[in-house]
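I have placed the structure first, in the form of structure tokens, so that the comments after it can refer back to it.
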Amino acid sequence: MKYSFLSWHTLIVLLCCNTSLVAQKILWEKSVGGKHSEHLLDAIPTADYGFILAGSSLSSKSGSIAGTNQGDLDYWIWKMDEQGGMVWQKSFGGDGMDLLQKVKATPDGGWILAGTTTSKKSGDKTQEGFGLEDIWIIKLDATGNQEWQQTFGGVGQDYLKTIVPTTDGYLIGATSSSDAVKDANGKAENSFGNVDYWILKINSKGKIQWQKTFGGVYADHLTEILPNAEGYLVAGYSNSPDNGNKSQKQRGMSDYWLIQLNEEGNPLWQKVIGGDKEDQLKSVVKTKDQGFLLLGNSDSGSSFDKTASNQKETDFWLVKIDAEANILWQENLAFTFRDVAVSVSESQDGTILLSGYGLPSKSQSKGEGVHDYLLCKLKPNGEEMWRRVIGSNGQEKLVKTIETRDGGYVLAGTSNGSASGNKQSQSQANDFWIVKLLDEQKDKTPKIPLEAFPNPTSGYTNVIVNFNIHQATCEVYDLSGRLVLTQKVADKTVPVYLGNLPYGIYLIEVRTKENQGSVKVVKK
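Each residue of the sequence shown is one higher than the one before, counting from 529 in my numbering.
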């Protein structure tokens, strides 16, 4: 946070758009890292009101780091409880650079880790690479133990962008500048241009079922893949004209580019949305009405599909579309000289949360919100409700904003700032910086004593205990009341394996001297 940062224009906007800004107070903040640099790249909420933080680390056994670094940057995953305390951590790496860019919960109660690697077969990496950069996938069970790993790639550079669990496996989205290579895990098609969309469908054990490449003659950057009624919506941005297998004409220097695929990966339709300059799609979310919110960076004026000119060098551009990609409404929002959008989400009440971080002007190094976390709340129609700037005297790069089960928000990113501004924790270098905001205007959802996710399950279910677990026991009963399983309780998330039991309904009970709870789980 820079202390002379509020211009009169911004101050007037803040005062006019919301007097409830003070209602979003900081509940806690944490810095997590070691002696060297850590870079947070993803964060997701967990059913036990905590969070999974995913990124990469250069550190060995220092500060918050328990593991030994294998080479360059290693995958580093950190499980955090609702108060910001550590539950567990894991690291994986080879002899090169390993960027853990995505983590997702899996239907069996485990986790899938996905990123980009330059490592050969070494350290924790069990397969050789293909090119300069490859995709590295690791599957963990509910207890954090590795089940399998796979490396995918071509002869050039392949960069992970997203991974999506499906009913029978996973869909991987990447950007690729590679040509084909003859291998079971290799890229099957040559690139169309400098950078293309590359999509792989793998089964539950990591074997490729099909793959597709989409692109034009220049650079096409995939951002996200979202399941929908027709199959999958693939979203990113493109600066290619209508060539290769891109059917839509270019608007400006780069445009939002959407491709609707069926379940087999075949394209059904394409759509380009953009103005006369650069529009880069950074985050996409499916909405309750089966449409989508598209958030990106824009320096376009009012032109083509864009109805409002940007206010500064680069602004947030939010576009609401229906299921067929027709534009319903759009908003242009400015915070700093150059805004970098990172995340959009829809709340249960239909309100919209936008976030990002600020960069300095090309001609100036300081200013309002520069190198700070940026947060903005909108009504369902796009009207602004409030905004918030959070930072220190250093450089902050926000990666993800999560709306938590208790009605608050978690802002997760990287910071090298000292204790200053909104930051009380001290960074040793670049560290993960997590900020928990409490929204005092939102109703709080009471906790259920015992919950289970996933439910139904064919294997693991994670039992969430929302009371003190001192000397707790976990027992599983069938519908006849027969005790079929006893489980130790080591923390408030108890992975219970039902895979060896017959199909049916089971009652899981957790008891202490002071508390008890039960939940029914369907074994399918």
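Using N, Cα and C, we set each Cβ at its ideal position, and we do this for glycine too.
Quick caveat: nothing in here was measured; it's all calculated off a predicted structure.
Close-in-space but distant-in-sequence residues of the same chain around E791 (CB under 7 Å, 5 per side omitted): G759
Contact under 7 Å by Cβ, D623 with S650: yes
Three-state secondary structure (DSSP) of L754: strand
Those residues which DSSP pairs with Q1015 across a bridge: C1002
DSSP three-state assignment for I849, whether helix, strand or coil: strand
Three-state class that DSSP yields for A869 in the structure shown: strand
Alpha helix (DSSP H) runs wholly inside the region 600–671, at least 4 long, in chain order: none
Beta strand (DSSP E) segment containing E912, residue limits: 912–918
Simplified DSSP assignment, three categories, for P1023: strand
Bounding residues of the beta strand (DSSP E) (the contiguous stretch that carries A763): 759–766
Residue(s) in a DSSP beta bridge with N731: G697
Run of the beta strand (DSSP E) containing P795, from where it starts to where it stops: 795–801
Option in S920, E911, Q678, T879 with minimal Cα separation from V898: S920
CA nearest to the CA of V870, picked from E752, G945, A575: E752
Cβ-Cβ distance between G941 and W961 below 7 Å: yes
Cβ pair I918, N950 closer than 7 Å: yes
Nearest residue (CA-CA) to T679, options S704, K648, A708: K648
Close Cβ partners of G568 (< 7 Å) along its chain, the five nearest in sequence each way excluded: Per the sequence shown, the amino acid found at residue 568 is Leu instead of Gly. Closer than 7 Å at Cβ, skipping near neighbours: L581, G583, V927, A940, G941, T942, F960.
Beta-bridge pairing of T815 - partner residues as DSSP gives them: The partner list for T815 (beta bridge, DSSP) is empty, contrary to what the question assumes.
Residues near K553 in its chain [Cβ-Cβ closer than 6 Å; skip 5 each side]: L966
Where P982 falls, given that 16 or more other Cβ within 10 Å makes a residue buried: buried
Enclosing beta strand (DSSP E) for E979 [first to last residue]: 978–981
First and last residue of the uninterrupted beta strand (DSSP E) at K907: It is not in any beta strand (DSSP E) - K907 carries neither H nor E in the DSSP assignment.
Limits of the unbroken beta strand (DSSP E) element including P1060: Residue 1060 cannot be examined here, being either before or after the span of the chain that is shown, 529 to 1052.
Three-way DSSP call (helix, strand, coil) for A747 in this model: strand
Reference P588; option with closest CA among Y577, L601, F579: Checking the sequence, you will find Ser at residue 588 rather than Pro. It is L601.
Contacts around L728, its chain only, beta-carbon distance under 7 Å, and the 5 residues preceding and following it disregarded: F680, I700, I736, Q739
Three or more C-beta pairs below 8 Å linking the region 805–823 and the region 763–772: yes
Cβ-Cβ separation, G561 to S946 (assumed contact under 8 Å), whole Å: Wrong, their Cβ atoms sit about 13 Å apart, outside the cutoff.
Whole-angstrom distance between Y937 and L549, CA atom to CA atom: The predicted position of L549 is uncertain, since its pLDDT is 46 and thus under 50; no value can be drawn from it.
Minimum Cβ-Cβ distance from W664 to chain B less than 7 Å: Checking the listed chains, one finds no chain B in this structure; it contains a single protein chain.
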